[in-house]
Structure formats: C-alpha cells, structure tokens
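Chemist:
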Amino acid sequence: MTNTIQDITQDANLILLIGSNPEEAHPVFGMQIRQAVQRGAHLLVADPRDIDLSKKADIHLKLKPGTNVAFVNGMMHIIIEEGLQNQKFIDERTENFEELKKVTEPYTAEKTAEICGIDPQQLREAARLYATAGNSAILYCLGVTEHTSGTEGVMSLANLAMLCGMIGRPGTGVNPIRGQNNVQGACDMGADPDKFPGYQKITDPKVFEKFEKAWGTKLNPNPGTKATQCFHKMMTGDIKGLFIFGEDPVRTDPDTNHVIHALKSLDFFVIDELFMTETAKYADVILPGRSYAEKEGTFTNTERRVQRVRKAVEIEGNTMADTDIFTEIMNRMGYPQPKLTPAQIMDEIASVTPSFAGISHERLDSEEVDGRGLQWPCTGKDHPGTRIMHVGKFARGKGLFQPAEYRASCELPDDEYPLVMMTGRILYHYNACAMTDKTEGINEIAPEAFIELNTADAEKYGIADGEMIGISSRRSEISARARVSDKTRPGETWMPFHYLKAGANWLTSAALDSISATPEYKVCAIKVRKLSPEETEAAEASARTTLA
Amino acid sequence: MGKMLLADPNRVDVKIGALLRKFETKVRVYPPGTCPITAQLSFLEASMNQTCGKCVPCRDGLPQLAEMLRSILNGDATMDTLKEMKSLAEFIRDSADCAIGYQSAQDLLDGMETFKIEYESHVRDHICPSNVGQKVPCVNLCPAHVDIPAYIALIREEKYADAVRMIRKDNPLPTACAMICEHPCEERCRRNLIDDSLNIRGLKKYAVDHAAADKVPVPKKNPSTGKSIAVIGGGPAGLTAAYFLALMGHRVVIYERHDRLGGMLRYGIPNYRFPKDRLEEDVRAILDAGDIEVVYRTEIGKDLSVEDIRKQYDAMFVAIGAQRGKKLRMDGVDAGNVESAVEMLDEVGNGKLPDYTGKRVAVIGGGNVAMDAARTALRCHAEDVMIVYRRRREDMTALDTEIESAVMEGIELLTLDAPKRIETDEKGNCSALVVQPQMIGPYRGGRPSPVDADKPELRIPCEVVLIAVGQDIVSKPFEEFGMAADRGVFRAGLDTAVENLPGVYAGGDCATGPSTAIRAIAAGKVAAHNIDEYLGYHHKIDFQVEVPVPRENNRVPTGRANISERPPYIRRNDFEHVENSFTHEEAMQECDRCLRCDHFGCGVLKGGMDE
Amino acid sequence: MIHVTIDGMQMEVQEGTTILQAARGAGIHIPTLCYLEGINYVGSCRVCVVEVEGMEKLPTACNTPAEEGMVVQTMSERVVNARKMALNLLLSNHHRGCFSCPSNGACELQELCYRYGVEESTFAGARKQIETPPVEGHPFLSYHPELCIHCERCVSTCAKATGREAITFRKTGMFGIINAPFGEDYKDTLCESCGNCAQNCPTGAITEKRKKKYRSWEVSRVLTTCPHCAVGCQMYLLVKDGKIVDVEAADGPSNHKLLCVKGRSASFDFVDSPRRIRTPLIKNKETGEFEEATWDEALDLVAEKFTDIRDSLGGDALAGFACSRSTNEDIYMLQKMVRTAFQSNNTDNCARV
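Chains as they are written, first to last, in the numbering used here: chain A, 2 to 549; chain B, 22 to 632; chain C, 1075 to 1427.
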C-alpha cells in the first residue's frame, strides 16, 4: 500500500473499493472503512457481487467479472473528456500522458458501460466523484489481480490515481490490500525468482556481486521460475527436487489435478509443515516446523509495516525452529551457515537490504517505536520509516503512465459451461483452513462450502436455496450447497475456496497473468446440475465430514 | 444505511396517543381528597417509567425512590427512610442527565417539603392526616358545595322548580350562577374519565330558564328570633348571608351604596353577559325570604360610622366587595378620557352609557374586567377597541371563553406590550398610548414574568384608555374600626369571623381580593351559618325537595353539549344577552351524562359529600 | 486555548477538550465506567461526575467540555458521595456472583466498588425482579443480563468501532436491555463474532465463553502480530501454564484495539492442536506410509537427495517455496538456502495464490 490504513480511513474523502471485500477478507480494515463511511466519506464499490459494503456505497458498479481494465479506462476517458484531471500533477510529476489519452480515447462511457455491464450515467458520476472529492484513495485486492489481465488492472489503477494527482498525500494512493499476514514480507524478503531481498534484481550485476560477497559463495545467475510455472516444469522433468515451506498448493492453487500430477512427477519432495496437509501427503520427508506463537520474528503488513512476532509457548514434541531447519540443511549441503537467532537474521537482512537498513528487533522493541512498527523504506537507524510513498517524487523519478487495453478473460462461458464462477474468501476461514479449522466454534459457524447462484439461474435449473448441487468445469466436478440470491448477476456464481471437500480449486483454471503469473481464480466457466437422491445423500454425508 | 422510512402511521407512539390523553385526563381529574403521598407515588412511577434506561440515577434510582415511597405507604418506613429518600433524590437531582431524571427528583423533594405533615403522619402513625378522604368532585369544588348531582337529576326528571330549590339550598343566586359562574365544579368532573366534563352551568341555566327563581317559592322561614344583623354590601356575599339569616328567622338590614342590589353582578358585569332583568329574579326571591330591609345609597364609614352600626346590631357581616379600580402609575394617566374600567362599567350598570362614537379605545389589562370593558366599549359604538396586555395571551387571567368571545367580536389583542405613558392632545385629552414591547422571561411567583424586549416603543393612537389592572377595597373606615387587613384585604378566618371582634364577620371580595361570585356566595352561606351559631342557635331549614333515585350510568362516550351564542356580528351591536338556551334534547342528553357520584362511589360515604 | 482549574491546578487546554481529557492530561485521575475513548461517551454511569463552580448539577467529566475559567473539583465530598451512590445503585441491579464470574478480578465495577468502599448495595434493585435468561447460543460469545450494567459500551463498540450495528439497545418495560445477537439464531444476525464487545464489556455480561477456563491473574500476556490476514493487528496471547488460552486486542497502529473473529478466536487452538506433526517423518517407499525419524536421519536424507540433484542436474532442477504466513526471518533464510545451498533461483512464495 502507498498509504496507511489509518490515513485512508480517516483522511480520505472518497474510497474507491475495487475487487475487494475487506469486511470478510480483512475484517479489521473493513470495520475501519465502515467507520469512514459513518464519518461521511464517499464510497464507490466496483465489484461483481453485492458485498455488504456495496449497501453502504454511494454507487455500486456491479462490473462483469474480468472487466476492471475497461472500467478504469472508462473512468479515465470521462475524467479527461470533462477536463477533471490534475494537469499540474501530470505536467510536473508524470510522463507518457499523451499515450494514456490515446489508449483511453475509445473507452467512452457508453462503450465501457456495455463491456462492464453497468449504467453509463453511474460510471460518469463515479468518475466525477473520484476526480473531485478532494482526497480519493483506491483500495483493491485479489479481484483486480487474480485475472489474466491482473497486472494491467493494477497499472490502470495507478494511471487513474496519477491522472487525478491522488497520490503522495494522506487519504489517497493506490493501495493493494495484501492477502496473507506476511505476503508483503515474503515478497520483500526475496522469495522471488528474480529478486533478492528488497526487490534487488538478480540481473543487476552490482547487486549480484553484493550478495555473492555478503553470503560468501558463488550464486546461480539464472533467474528462476515462478512457483505457478514451476508445476509445469515438474511435469516436464525440468524440476526434480522441491522444498515447500508451509504452503498447501494442492488446496490453494488452481486446477488441483494439475498440481497433484506435478507433485507426483518429482524425484524428491520435502515439506516443512505443522499439519498433514493435502500437499504434505505427497512429500517424501516432512519436517515439523513451528508456528508463529512458538518463535520470535517479524511480519510485514499490507502497509509495509514491520511488526514483531513473539514467542508465547513451546509445544511438546520434537519440532525445530524453521530457521534452524534451513541452517541445518545449508550446512549439510555444504554451505557453511552459522546458527543465528531471529534478531541476528534481521540484522543480516538489514545489512543487505537498503530499504530495511534501519530495522532491527532491538529498535522494534524500543520505546522510540512504541509498538507502532516501522514502515519500509527505512533506510537507516535514524530513519523513522515511510508512512506514505511517493510524496513529492516517485521512486523512479517521474510517474510513468502505462496504459493498457482491455482483454477478455481466458475462459469465458459457452454453451457447455454457461456460468462464470468467481472464488473468494469468507469471514470465518483463512485460505486452506490449516489454522482456522482447528477451532471448533469456527467450524460450527461456517461448516461447509457453498455456491452463490443468481435467482434467475436457480429458477432456470430448478435449484432451490439450500439444495446440494453438482458443479463442474472442464477440469473436475464437485458438489456443494446452493445459496440462491441476487448477490451475483444472472450467469455468474461465486464460491469460497477454503474447504477441503468441495474445494473450488478443483474447478478453477490454471491460466496465468502474462506478467505476474497470478492464476485467474476470479473467472472460470462452469455448469451446475441437480443431483440424484443418492448423489444428494452422498454429498450431504461428505459435507458433514468436511472438517475432520 | 438501509432504506430511509417515513414514520409508520401505526407506530406505537401514535397508538399510545389515545391512552396518554386518557392518562392526562385521569391526572387532571384526580379526585379531591386524595392522599398526596399516593399521588406522589403515581407521579414518581410515571416518571420512572419514562426513563430511557440510559443513566444510573434515573433508571436505577427512581425505582428505588418509588420503593421507599411504597414502604412509607405500607407503614414499614422510619424517619431514616425519609432521610435516605432525600439524599437519594438529591443525588438524582444533581447527577441525572436529563429532565426526566432530575426534574422527577426535584418534584419529589418539593413534595416532601409541601407534604411534610402527610409524610410524617404516614411514617409515625401509618395513616393519612384526617383531612384526607375522597369527595364528590363537583360538590367539593363548588365553593358553596351545591348538591349538583341532585339538581341535575331533578332537571332530568323535568322538575325545574325543584332543581332551583335544590340549588338554593346552598346558593340563593341560581340565576346569577347560571349566567356567569366560572364553574369550578366542572374542573374534575368524573365524566372526564369517559369523555368530557358535564356542562353544569349550562344545565343550571336550562333550569332557571324554565323555572324563574322569583316564580319558585322560597322555603318557609323560621319564627322570628328577634335578633338583627347588619349586612354591609348588597352584592352576592351580602345577599346570600341575608337570605339564609332571614330564613333562620333573624332580621336583616342590608346597607347598599348604590340604589340597586347586586353589587358587581349588576355594576361589574355588563348586561349582555347577565341581563339585569334576570338578576332581578334572584333578588326578588331573596327579598321574599323573610325580614330583610334594604337601606340604599348609604355608604358605611362615610354616611354612617362602622362603630354605630356594630353597636346597633347583634352581629355584622361586612361584604363590601372590591369596588375601586386600581390606578396605574405612568405619565399622562390623569389625562382626559383615561378612566378606570370598573368605574366605567359601574356607570353602565347605572344605565349611563358613554358615547364612544368614532373613538379608538385601548383597554389595559388581561382579566375578565378588561374583556367586559372592551366588549362594552364596542357596544358603545367605539370605532376600534384593543386590549393591551404586558404578558402573553395564555397568561391572561380572564376565562378563555371570555377572551375568545372578545376576539370574535373584533377586539384586537396586543400582547407582550407594557404601557409606558399616555400622550395628550392640546386639550389635555388622551391621544395615544405608548407601549414598550416585552419578552417573556423566567418564572416569578409561579408565573412567567415579562421583561423589556430589545425593540422600540410602539405608539398606539387612541382617544380613550380604560384601565383594568385590578380592584382595591375601600377598607380604611373598617380598618379604623379595628378590623385587621393585609393590603386592604380583611383578615377573616375560614369561618369568616374577624379576629378579636366577636360578632363581626367578613366575606366575599373584601376578604379575598377580587374573585368570583360563587366564592362570595360561599362566604355569605358560611357567614350566615356561623352568625346563627354565634347568636346561640342551630337553625334548620326545610328546603322541601327530594333527591331522585339514580339511574344507571350511561357509559356511551358522548360529546359535551356547549351553550351556543348569538353571532358576533349581530351581538356586538347591542347589550342583549349573548347566550342561547339548550334545546330540550341537549339538556336531557347532558343530564344523562351525569354519573351521579353522590350515589356511585364515595358519595354515599359519610363525608363524601361536602356541605 | 482555554484555561481551567482542576483540583487547584491551573491548566491550558484546547477548546473542545472534555473535563476528563483535561484532568487526565494533568495526571488527575477521574474514575470512569461507561466511558470508552472515542467510542462511548454517553455518560450513563455517572461515576465520572465532578463538581464545577457555579453549576447546579454535577456534570459528567467524560462528555462535558471544559470552558474558559472553569473551576473543577474531582474529589469533593459531594462528588465522592455521588459516585458512591451511583455505584450503590449499579450494584443493586448487578448479580454479585463474583466467585463464578469469568470477569472476577478483571471487572471494572468490582474494582471501583472496592476502591470506593461500596461492599453491598443498600437498595433492593428493581431490575432484579425481572427474569432475563442468559443468551448463549453462539459458539464463542454469551450475554448474561444479570451482570449487565447497561453502560452501552458494547452497543457503541458494535456501532461505532466495528461499524456493524449488530448489537442494539432494547427495552424491557422501563429498563434497557442489550439485544445481544448470541442466541440460537445467531447466524441470522449481523454479528461477525469479532468479540470486540466482549473485550470492551466492563463486567462479565458479554464474555468469550473460553474466559471461564482461566482467571485474569493466572495468565501472562505476550504481545504479537495476528497470523491471519495482512492488516497486521496487534494482539496479546494469553498464556496459562504454557498454553495459549485466549487473545486480547492491543492498541496497534492498524487495528486500534480491534480484532476480527479469526484473530480473536481462531489464532491459537491450532498451535498445540493434537493434529500437529511433532516429529520428522520419512515416507516408506514400499508402503507409502510415513514413518517417524530422528532429525539427523531426516535432515541427512534431505541434504543427500538435494545435493545429488544439484550436483547431477544443476541448481535449476531444484526449487524451494516459502510460505507467506511465516516470519520475515524464516523467509529470508529459506530463500538464502535455495540460492546458496540449492544453487537455484527457483524460489517463490504464495503471493499469487
């Protein structure tokens, strides 16, 4: 996020929420957005579903799934057409504006509205509100990124913010709400095929040299392969050995059959895990690691804020701290790695990562920081951290408009698979439920999967609310309970992906974003059918045992 | 942010409206003689039930106060309970958030002060003081305690002469009261619990319209006692005392300043409200009662000394009224055509009508006299009449119906304007009244008091100013005789006896300040009774009338029949009576509404009916 | 700026500052019960009353703005008596089963009554006569009306802090009652089970049911960061006898004392779950079953296999993925392991999934 949760929810005059359902996926952020609306902030929701916040929105733009780029281009077209752009900001702080004008030119309100399935007048009003509200903040989440055109969606939003000068001050910005607790940190820490910690490119010879020196060893100069693409390489035999630290791709990656096939193709597969996950079942060796409550460390939240994790308990058994596991393997594979405490590791991170240079456990625990964490970039011991990015100047100097054309999603509905399925999170579970399903009460509240169907579709297929139905895509078939409502539009459905039985990812498509290789979780084509009495009984029985 | 809705027409606040109006009435018609501690408890319970439930002092404290009050009534409280109650109430008064809490506590604290005796009686003796006990409302609230249910029952039986007899048992001026009584009897009429008060005055008017007082023989008087009593003043108090004393067999001599009897009934109240020929009916009946002599055109204290009179008679009843108009102190008050309203009305009573043709008349004041003066001025052909009053219309002491009638006849009310001075023309006659606009301010002595508003003075051009700001009593000669008075008002006991002067009694306006006819009548009745006793007798009078057996209550809610008036555009041009009569149907329907509280409820109990 | 005098101390404060804020700023303690900064300032408990010169009533410090020249007494006899009376009344309607109350020792009413010497109420308590059954159909939360002091903290928390408005204020005749959405029909309510109401309840009226399993003085608190989403809520893990028994929200920069249901109720049961793997496992190729192993056996096997692949096919034939749920330090070391020991850049995390 370019800005903080606090300034967005307290200083913004308008929040444009697109492809994000923070009330369920980031509930405490959602609570603060509700506070902002109570305070009088305008709220624009662009989402294919009636999420709860859309009821509180000034305007709910119920976009067709996968049309974000067109929507944002349309917004920009209207803003330019009506002269509402911040010309001073454009002139002083950006480049390539002419290109943007050219690309957005055809996206008239009428054309955009047709692509997105919305009302052109509402689109115009939304554009005017965004451009003129004073401080407008964009918040987005996986509804923007989890498309084959996800990266273009993100860039388009950045274009929109720059067009109106909505960046670099409180209550504005382009703010991705990161998904998991430390997904920001995972990227920051260099768990990335072509970047060292702190987004230092391995293709940069100076950087490469620095790390070889710092780590005292020769390194492989070939950029690596993104995880989602690795599965393909496993099947082709290019990747033979895999170490997974705490992920469950069988549950969370798209096209489960494809993932299982890939894992089975490996020569040797090691997993460092807490539980016998679906993925762990395919491992050759399982190394029992430790949970967040059993270790010291840090998480980096969506605001780039590095905060402490502290050890509360030790559990019985023969587990090992994960950093020690890695250290042991490094040493046993011939790389001499001294055993370090988490605090010492953070010191090493700071020494090789300029944006973390000022961060240490000692400082995070100090009175100076007072429990408020440090937001990177934090370039020195005296640097207070960076609350808002791009104040006065962009990281690269001038902000570059990178306009993009709208492209349709990869798998569109057809006669055989007439419905679009989107996936997402619900309030009560997290991802593959590895943590949440160990709490009995949670399972009592949200025990089983479901699929949201539009009333018209339900009527068409003769499906009643609460009925078990069959759902299939080109990849697989599952069964889940139908929830019939008008939350989605006719022809569109939605499913949570948390559940083991009726896992939505058996159905999803492995099509990837061309740039970031993010899967298109938000759009795949499916069909539904009524189950026979025997099938229904079996599905009910299975649903009851969803959670062991 | 769901849908925004209009208020539901069937919401509970609407549905509760009718109940609350009944409740309001219930409180307004609280029966006379109720234990004030129970009333306080009801009040407190109503208060605590109004809590929104937010704050501790109100939501948790008021029920505890109610609990303590209940324990006082239950007889298990001690004097410490009173102390604890006071300290809890003070806490609530000091720390409650809104008026529901703090005012409820303040009202309880005020009640504890006001009803100290009653509280202590309950705590110490577990009993109400002896004066507490429920009474029939109309009878109790009529100062003369006329047996109202009985005469209404007689009207219902169409026995109008008997109805007049029944009234005269307590009040020898039935016609006067039929026309102009302020009818306190109607205030807490139990019929309110079903619909509305009975129109008691209207029924009385129906009775005297069908059986003129002078055509209904008075009871047979007792044999002469040989005692003689002087009655000073021939107004309602004096006439009443004379009537009862004469029936008891005493000789009565009335000394009257004017050349006709009736006092304010004649010289204060204009003909259009109370035609003089109707007054004569009452007067004739009274003078028929026995040995009554009237000495006209004689003012005691001026023409004859008080002392001589007292010496001449076995007892003396002073009922001189409050006859002199109060003066206003302001510049120009002595100008020509600036008059006291009382004196103007007095002249009119004597048959001397002023000619206000083409003149603009300003009447200063807000009482009934001001209304009478204004409406009389209109009938004396004034071009324009306005009433100038320094408070608001709702603060006027005149009856609402009187104000209403004045306004209907075209009289303008200038409220919140305090007279400052009177401007004069070259002949020294009034040419304008200058007023200072007022704003209403904080309460003083129980009513909101006006203060100068930040507005310029207003000049009201007028050729006549009538001042109606109250009346004084010509008390000086009597004070010199030895009768104690406070600011001219004689000090007399509830038995009308004047302290330290055995045989001397005083009543009516001169002992209360300007008040109503019925209070004067009550004073005359009480004085007669006590003079009789003072003289050593306990005379009984046989009024020769039976109370009809009650019919069942008619519980069907039925509207109250009002007496209609002649149209304003006609009546404003003459002095004829403004009121019409009930039709027979109206009168009978109204009679049927009477709940006969003399029979049903406390009326049959000893002490339930005041005498 | 305006000038006020509190307990003889003169001070200068911003216009709009309440008496309570002014006093606290100067280190003068005024007790409060219903007050919750920025959330609940309805002034219902009247425990924070003070005496102000020239004012007839005793105003509530929490919601009365300081005014120029105000002279305030916070501990006069009149004030202390009023506070005692307020506590006395509160206690009259509060079921005093402290021994069995999960909030025993952490109850703000108990603490204030203790401090002001109010041991029992002198009043019978009118509300006590009303039968109000507990509301406890929800798996985590319960409401016990007999312990409720109707301070409205929960209502304001739900309406203003979480913005959810699932808890409402209802009436039972003259008394107020909290309409707590924790009945058998809790799934049909707006409740998100976040439990912020329970954390802000000053008594034991609304509690997390698990609170029954420990006493407030038995636990130690460890400040940490929530392991679920990326908001980064700060929270305390409550540890009793080496086990995590509960969670409390901390005042973190992104959560401001709020938590969601996952952070509060689903972030610790898994830690010591019976389903945890507690020893290294190696799959028996013959049977396909996992068998327990020592760390040395497991680590040697891993090192040997990966070294073989690296040395025969090159580092590019190896890959290592990090978990975006783990700590920065873990992830840094994982990618370091992949880059140095594996000689591969095939490292990634689950950011995309």
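Every residue gets a Cβ at the ideal spot worked out from N, C-alpha and C, and that includes glycine. Bear in mind the structure is a predicted one, so any value in this text is a computation, not a measurement.
Rounded to whole angstroms, what's the CA-CA distance from residue 184 of chain B to residue 175 of chain B? Just pull it up for me.
Modeler: In the second sequence, residue 184 of chain B corresponds to position 163, counting from 1. In the second sequence, residue 175 of chain B corresponds to position 154, counting from 1. So the alpha carbons of these two residues sit roughly 5 Å apart.
Chemist: Can you tell me the Cα-Cα spacing of residue 548 of chain A and residue 37 of chain B, whole angstroms?
Modeler: Looking up residue 548 of chain A in the first sequence gives position 547. Looking up residue 37 of chain B in the second sequence gives position 16. Residue confidence for residue 548 of chain A is low, a pLDDT of 48 falling below 50, so the modelled location carries little weight; the figure read from the coordinates is stated next. Roughly 53 Å separates the two Cα atoms.
Chemist: Buried or exposed for residue 180 of chain A, please, with buried defined as at least 16 other CB atoms from any protein chain shown within 10 angstroms of its CB.
Modeler: For the purposes of this step, residue 180 of chain A is taken as the residue at position 179 of the first sequence. With 16 or more Cβ atoms within 10 Å of its Cβ, residue 180 of chain A is classed as buried.
Chemist: Does the distance from the C-beta atom of residue 428 of chain A to that of residue 25 of chain A stay below 8 Å?
Modeler: As a first step, residue 428 of chain A is located in the first sequence; it is residue number 427 there, counting from the start. As a first step, residue 25 of chain A is located in the first sequence; it is residue number 24 there, counting from the start. Taking 8 Å as the Cβ cut-off, residue 428 of chain A and residue 25 of chain A qualify as a contacting pair.
Chemist: Examine chain A for any beta-carbon lying closer than 8 Å to the beta-carbon of residue 1078 of chain C, and answer yes or no.
Modeler: Walking along the third sequence from the start, residue 1078 of chain C turns up at place 4. Chain A contact via Cβ: absent.
Chemist: Classify residue 155 of chain B: buried if its beta carbon has 16 or more other beta carbons within 10 angstroms, exposed otherwise.
Modeler: The sequence position of residue 155 of chain B within the second sequence is 134, counting from 1. Buried.
Chemist: Pull up the CB-CB distance for residue 158 of chain A and residue 131 of chain A, whole angstroms please, since I reckon it's below 8 Å.
Modeler: Along the first sequence, read from residue 1 onward, the residue named residue 158 of chain A stands at position 157. Along the first sequence, read from residue 1 onward, the residue named residue 131 of chain A stands at position 130. That pair is no contact at about 11 Å.
Chemist: When burial is assigned at 16 or more other CB atoms within 10 Å of the CB, is residue 604 of chain B buried or exposed?
Modeler: Your numbering for residue 604 of chain B matches position 583 in the second sequence. Exposed, by the Cβ-count rule.
Chemist: If you measure beta-carbon to beta-carbon, which residues of the stretch 1320 to 1348 of chain C are closer than 8 Å to chain A?
Modeler: 1324, 1325, 1326, 1327, 1328, 1329, 1330, 1332, 1333, 1334, 1335, 1336, 1337, 1339, 1340, 1341, 1342, 1343, 1344, 1345, 1346, 1347
Chemist: Could you check how far apart the C-beta atoms of residue 213 of chain B and residue 611 of chain B are, in whole angstroms? I think they sit under 8 Å.
Modeler: Position 192 of the second sequence, counted from the first residue, corresponds to residue 213 of chain B. Position 590 of the second sequence, counted from the first residue, corresponds to residue 611 of chain B. That belief does not hold up - the Cβ atoms of residue 213 of chain B and residue 611 of chain B are roughly 14 Å apart, past 8 Å.
Chemist: Give the list of continuous beta strand (DSSP E) stretches no shorter than 3 residues that lie fully inside the stretch 1124 to 1154 of chain C.
Modeler: Counting only runs of at least 3 residues, the stretch 1124 to 1154 of chain C fully encloses the following beta strand (DSSP E) elements, listed from N- to C-terminal order: 1144 to 1147.
Chemist: By alpha-carbon positions, which one of A:357, A:278, A:87, A:244 ends up nearest to residue 1375 of chain C?
Modeler: Position 301 of the third sequence, counted from the start, is the residue given in the question as residue 1375 of chain C. Minimum Cα distance to residue 1375 of chain C is reached at A:244.
Chemist: With 8 Å set as the bound, which would you pick, yes or no: does the beta-carbon of residue 1406 of chain C sit closer than that to a beta-carbon of chain A?
Modeler: Here residue 1406 of chain C corresponds to residue number 332 of the third sequence, with the count starting at 1. True, the Cβ-Cβ gap to chain A drops below 8 Å.
Chemist: Residues of chain C with a CB under 9 Å from the CB of residue 72 of chain B: which are they?
Modeler: Translated into the one-based positions of the second sequence, residue 72 of chain B becomes position 51. Under the 9 Å cutoff, chain C gives 1248, 1249, 1250.
Chemist: Should the stretch 520 to 538 of chain A be called in touch with the stretch 456 to 467 of chain A, which here means at least 3 C-beta pairs below 8 Å?
Modeler: Segments in contact, yes.
Chemist: Is the Cβ of residue 62 of chain A closer than 8 Å to any Cβ of chain C?
Modeler: For the purposes of this step, residue 62 of chain A is identified with residue 61 of the first sequence, where counting begins at 1. Answer no: the Cβ-Cβ gap between residue 62 of chain A and chain C never drops below 8 Å.
Chemist: Are residue 484 of chain B and residue 380 of chain B close, meaning C-beta to C-beta below 8 Å?
Modeler: Here residue 484 of chain B corresponds to residue number 463 of the second sequence, with the count starting at 1. Here residue 380 of chain B corresponds to residue number 359 of the second sequence, with the count starting at 1. Yes, they are a contact pair.
Chemist: Quick one: which chain A residues come within Cβ less than 9 Å of residue 1365 of chain C?
Modeler: Position 291 of the third sequence, counting from 1, holds the residue named residue 1365 of chain C. Ordered by position in chain A, no residue passes the 9 Å Cβ test against residue 1365 of chain C, which lies about 11 Å from the chain.
Chemist: Is there a Cβ from chain A that is less than 8 Å from the Cβ of residue 1101 of chain C?
Modeler: The count along the third sequence starts at 1 and reaches residue 1101 of chain C at position 27. Among the CB atoms of chain A, none fall inside 8 Å of the CB of residue 1101 of chain C.
Chemist: Would you mind telling me which residues of chain C sit closer than 8 Å to residue 677 of chain B, beta carbon to beta carbon, in chain order?
Modeler: Because chain B in this structure spans residues 22 to 632, residue 677 of chain B falls outside the shown range and cannot be described.
Chemist: Expressed to the nearest angstrom, what Euclidean distance is found between the alpha-carbon atoms of residue 290 of chain A and residue 195 of chain A?
Modeler: Position 289 of the first sequence holds residue 290 of chain A. Position 194 of the first sequence holds residue 195 of chain A. For residue 290 of chain A and residue 195 of chain A, the distance between alpha carbons rounds to 27 Å.
Chemist: Can you look up residue 548 of chain A in the DSSP assignment and give me helix, strand or coil?
Modeler: As a first step, residue 548 of chain A is located in the first sequence; it is residue number 547 there, counting from the start. Because residue 548 of chain A sits at a pLDDT of 48, beneath the cut-off of 50, its placement in the model cannot be relied upon, and the following sentence gives the value as read from the coordinates. Looking at residue 548 of chain A - three-state DSSP - the assignment turns out to be coil, as it is neither helix nor strand.
Chemist: Using the DSSP secondary-structure output, state which residues sit across from residue 1305 of chain C in a beta bridge.
Modeler: For the purposes of this step, residue 1305 of chain C is taken as the residue at position 231 of the third sequence. Per DSSP, none; premise fails for residue 1305 of chain C.
Chemist: Let me make sure I understand the geometry here. Which of C:1289, C:1342, C:1278, C:1265 has the alpha-carbon closest to that of residue 1302 of chain C?
Modeler: If you number the third sequence from 1, residue 1302 of chain C lands on position 228. Cα-wise, what sits closest to residue 1302 of chain C is C:1342.
Chemist: Beta carbon of residue 37 of chain A, beta carbon of residue 64 of chain A: below 8 Å?
Modeler: One-based indexing of the first sequence puts residue 37 of chain A at position 36. One-based indexing of the first sequence puts residue 64 of chain A at position 63. No, these two residues do not count as a Cβ contact at 8 Å.
Chemist: Is DSSP giving residue 423 of chain A helix, strand or coil here?
Modeler: As a working note, residue 423 of chain A is residue 422 in the first sequence. It is a strand residue.
Chemist: For residue 239 of chain A, go through chain C and note every residue whose CB falls closer than 8 Å to its CB, in chain order.
Modeler: For the purposes of this step, residue 239 of chain A is taken as the residue at position 238 of the first sequence. Correct list: 1390, 1391.
Chemist: Taking just the CA atoms, how far does residue 439 of chain B sit from residue 415 of chain B?
Modeler: Here residue 415 of chain B is taken as the residue at index 394 of the second sequence, counted from 1. Here residue 439 of chain B is taken as the residue at index 418 of the second sequence, counted from 1. Near 16 Å, if we compare the C-alpha coordinates of residue 439 of chain B and residue 415 of chain B.
Chemist: With 8 Å set as the bound, which would you pick, yes or no: does the beta-carbon of residue 1113 of chain C sit closer than that to a beta-carbon of chain A?
Modeler: Numbered from its first residue, the third sequence carries residue 1113 of chain C at position 39. Judged by the 8 Å Cβ criterion, residue 1113 of chain C is not in contact with chain A.
Chemist: Measuring only the C-alpha atoms, how far is residue 247 of chain B from residue 227 of chain B?
Modeler: Start at 1 with the first residue of the second sequence, and residue 247 of chain B comes out as number 226. Start at 1 with the first residue of the second sequence, and residue 227 of chain B comes out as number 206. Taking the straight line from one Cα to the other gives about 39 Å.
Chemist: What are the start and end residues of the alpha helix (DSSP H) that includes residue 145 of chain A?
Modeler: Your numbering for residue 145 of chain A matches position 144 in the first sequence. Start and end: 143 to 146.
Chemist: Listing by chain order, which chain C residues have their CB less than 9 Å from the CB of residue 318 of chain A?
Modeler: Taking the first residue of the first sequence as position 1, residue 318 of chain A is located at position 317. Near residue 318 of chain A (Cβ distances below 9 Å), the residues of chain C are 1350, 1351, 1352, 1353.
Chemist: Please classify residue 166 of chain B as buried or exposed, where buried requires at least 16 other C-beta atoms within 10 Å of its C-beta.
Modeler: Residue numbering aside, residue 166 of chain B sits at position 145 when the second sequence is read from its first letter. Classification for residue 166 of chain B: buried.
Chemist: Whose C-beta lies closer than 6 Å to the C-beta of residue 262 of chain B among residues of the same chain, with five residues either side of it excluded?
Modeler: Looking up residue 262 of chain B in the second sequence gives position 241. The residues are 252, 338, 545, 548, 549.
Chemist: Would you tell me roughly how many angstroms separate the C-alpha atoms of residue 572 of chain B and residue 606 of chain B, rounded to the nearest one?
Modeler: In the second sequence, the residue the question calls residue 572 of chain B occupies position 551. In the second sequence, the residue the question calls residue 606 of chain B occupies position 585. Approximately 18 Å, taken between the alpha carbons.
Chemist: With distances taken Cα to Cα, identify the nearest neighbour of residue 628 of chain B among B:469, B:53, B:478, B:25.
Modeler: To locate residue 628 of chain B, count along the second sequence from 1; it is residue 607. If we check each option's Cα against that of residue 628 of chain B, B:53 comes out closest.
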